[in-house]
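Numbering (our numbering), first residue to last: 545 to 1276.
Worksheet for the structure shown next.
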């Protein structure tokens, strides 16, 4: 090896040794000295915070004392403001002082004494003020002259002065320690400065590496910023924009453009107060919002805002202040959301719950009235049979009673329809065919002054509904339309397919998104105000004169549509007419089933057999028993399930169990029937009820294999049903 080569290797060795020495120094500085240097300012800052808090506590007590003296001397309540403020600040500052010195046993020993003296001072202030308020200023001055408060204040000052001196000494000690670490760091830096050319070269290499790293970090930051920008720009449901410290718009996203109506070039540079109403600007709301955001760290409210076109909307607003690392205010981030839709959805839910509650109430009332009407109607029929030939002078009263009983029955049916408790007979319906069939009836019912037009849709889907109830609903709507067109007009009945999407369903909580057939009935009448339209479906609500309407027509339509799984909506403006749209679910399946053929009526003869009648209403039980006996049947009767089962056990020949569904004693009619069938598997069972929310009817439809009579029923319908069941083939 030549001398030059040896020198080269020696030089390389020296460079390596110097580099290793420099590395060791830097490691020592980084692991031992640097953490201490970083911790020094934090500890010092903590010490100064203790000092600041102690001084603030002393000032608050002095403010309280000055406020008390000023008030006692001047009796001006404004002097009490610093006293009241100090009342709230003193406990907070004292608690903070205790918390800041938890690691200082010497200070902690001072605080109980300080707390005692503060209590004495504040008590003296309160007592003197209370005496003065009682109208006894002499007593107040006497309390002040006891010098208790002054001595307590002197003690407070002494304790706080000692605490401040201790903290200042601690601060000096910590500053000295920090300076020592700083000097140690400086010595390490001097040692690092004597490194050789090899260290310089290593530094150059490190610098180049650092430059490359910074470039890579900057590139990564730019990518993150771009992703964040794309994220904000992609938000369309929220208005996200930035304000400078004065409230001027500096950034604007597409969501803000959609909600507010301004393009970015139109609004950037404008003050955000233009989004507020005139009343809000006059009240200073925009500036107050920014001030609260700065003071509290966040401002949030739900309030009206104004779009570019002048329309108002309810918005959810959040304003957050943006600060740099030093706490300097850079501006504000503002997020606004249009919550009109949410409010409408909440209102729709409240309306739905209200209508459901009214429905339950009316359903219960209808049930009770059905029992009463059952007795009245059947008593009339039975009385007429018993009398034979009704005297002419009594005939008009008989007819009057019958007519009003029928009218009352119709009203209870309407109540049940609204409450969705009527028994439906749903079958597949071609809506176009039904509308064609009902058009003639509409023209006859509305008269020549109203022109009827039907618009049939092409390829309209079939629906599953009760045809009679649907015809009645359309007729009810048509009659309401006629009354709104007192001078004549035009009625349009339109059929079409419709799809209610998730957005619509979200705004109407009772609606399920999907395919529907829409039946729209429109008129050219007087229309309705929004307030009237909102109540139109409620039972007994009417704008007609007394005696011209029951207020149950639209509620019956509403109940039928809801019970059929559909949706009803009113569109109306005063002077522009009204459109009521009924949405009924589309019938789905592999094919459209055919409607059942109705069996011919049975020719009634003298009945034979034994019937076990179970009815808790004594009048209903008595009249039903009389009617069935007159038909020729043997009757066993009971008022509840236990007695009925005992009679069933005692009489081996019972052909039919005829029971009300709602029974007392904890066992309903369905449970009674199940127990009876366990004893007599071949027993025929006929249910009766005046209220269909019960054990054999769900969503207005009978359970499979169930026979039912709905009260009030006529003697003819009773005879027909009983004879059919007793003459049917034994299921066993």
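Don't be surprised by glycine CBs; every beta carbon is placed ideally from N, CA and C.
Cross-strand partners of residue i (DSSP beta bridge)
i, result
"residue 1129", "1060"
"residue 972", "1008"
"residue 1111", "1127"
"residue 1231", "1203 and 1252"
"residue 1181", "1157"
"residue 873", "867"
"residue 1099", "Answer is none; residue 1099 lacks a bridge partner."
"residue 980", "None; residue 980 has no bridge partner."
"residue 795", "786"
"residue 1066", "1036 and 1123"
Where residue i falls: helix, strand or coil (DSSP)
i, result
"residue 852", "coil"
"residue 801", "helix"
"residue 996", "strand"
"residue 666", "helix"
"residue 1257", "coil"
"residue 694", "helix"
"residue 1195", "coil"
"residue 879", "strand"
"residue 811", "helix"
"residue 934", "coil"
"residue 944", "helix"
"residue 1342", "Given that the chain is displayed from residue 545 to residue 1276, the structure contains no residue 1342 and the question cannot be resolved."
"residue 1080", "coil"
"residue 1122", "strand"
"residue 1264", "helix"
"residue 1117", "strand"
"residue 781", "coil"
"residue 1142", "Interpretation of residue 1142 is limited by its pLDDT of 41, a score under 50 that renders its predicted location unreliable; no figure is taken from the coordinates."
"residue 786", "strand"
"residue 1002", "coil"
"residue 1169", "helix"
"residue 962", "Here the model assigns residue 962 a pLDDT of 45, short of 50, so the residue's position is not dependable, and the following value carries that caveat. Note: residue 962 maps to helix in three-state DSSP."
"residue 591", "helix"
"residue 702", "helix"
"residue 680", "coil"
"residue 1072", "coil"
Proximity test, residue i beta-carbon vs the ligand GTP heavy atom, cut-off 8 Å
i, result
"residue 831", "Ligands are entirely absent from the displayed structure, and the ligand GTP is therefore not among its contents."
Whole-angstrom C-beta distance between residue j and residue i, which should lie under 8 Å
i, j, result
"residue 782", "residue 881", "5 Å"
"residue 1104", "residue 1155", "Contact flag wrong, Cβ pair sits at about 34 Å."
"residue 1037", "residue 998", "5 Å"
"residue 928", "residue 934", "6 Å"
"residue 588", "residue 673", "Not a contact, Cβ separation roughly 41 Å."
"residue 679", "residue 789", "Not a contact, Cβ separation roughly 51 Å."
"residue 1076", "residue 1025", "About 15 Å; that fails the 8 Å criterion."
"residue 1270", "residue 1228", "7 Å"
"residue 1041", "residue 1001", "6 Å"
Quiz item: Taking the runs of the alpha helix (DSSP H) that are 4 residues or longer, which of them lie wholly in the stretch 1012-1062?
Solution: 1046-1051
Quiz item: Whole beta strand (DSSP E) runs in the stretch 820-870 with 3 or more residues, listed along the chain?
Solution: 843-850 and 856-867, all fully within the stretch 820-870.
Quiz item: Is the number of C-beta pairs between the stretch 714-723 and the stretch 681-690 that are closer than 8 Å three or more?
Solution: With contact defined as three or more Cβ pairs closer than 8 Å, the stretch 714-723 and the stretch 681-690 are not in contact.
Quiz item: For the 8 Å Cβ check, are there 3 or more pairs between the stretch 1161-1170 and the stretch 1004-1018?
Solution: no
Self-check item: Segments of 3+ residues assigned as beta strand (DSSP E) that fall wholly inside the stretch 1197-1228
Solution: 1200-1204
Quiz prompt | the stretch 1254-1269 in contact with the stretch 1213-1220 per 3-pair CB rule at 8 Å | solution = no
Practice problem: Taking 8 Å as the threshold, find out whether the stretch 1173-1188 comes into contact with the stretch 1222-1235 through three or more Cβ pairs. | Solution: no
Quiz item: On the three-pair Cβ rule with 8 Å, is the stretch 974-985 touching the stretch 1009-1019?
Solution: yes
Quiz item: Are three or more beta carbon pairs between the stretch 804-815 and the stretch 845-854 nearer than 8 Å?
Solution: yes
Quiz item: Any contact of the stretch 694-703 with the stretch 627-645, i.e. 3+ C-beta pairs under 8 Å?
Solution: No: fewer than three Cβ pairs fall under 8 Å.
Self-check item: Segments assigned alpha helix (DSSP H), at least 4 residues, entirely inside the stretch 595-674
Solution: Secondary structure in the stretch 595-674: the alpha helix (DSSP H) runs of 4 residues or longer, each lying completely within the stretch, are 624-644 in chain order.
Quiz prompt | the stretch 617-626 in contact with the stretch 651-663 per 3-pair CB rule at 8 Å | solution = no
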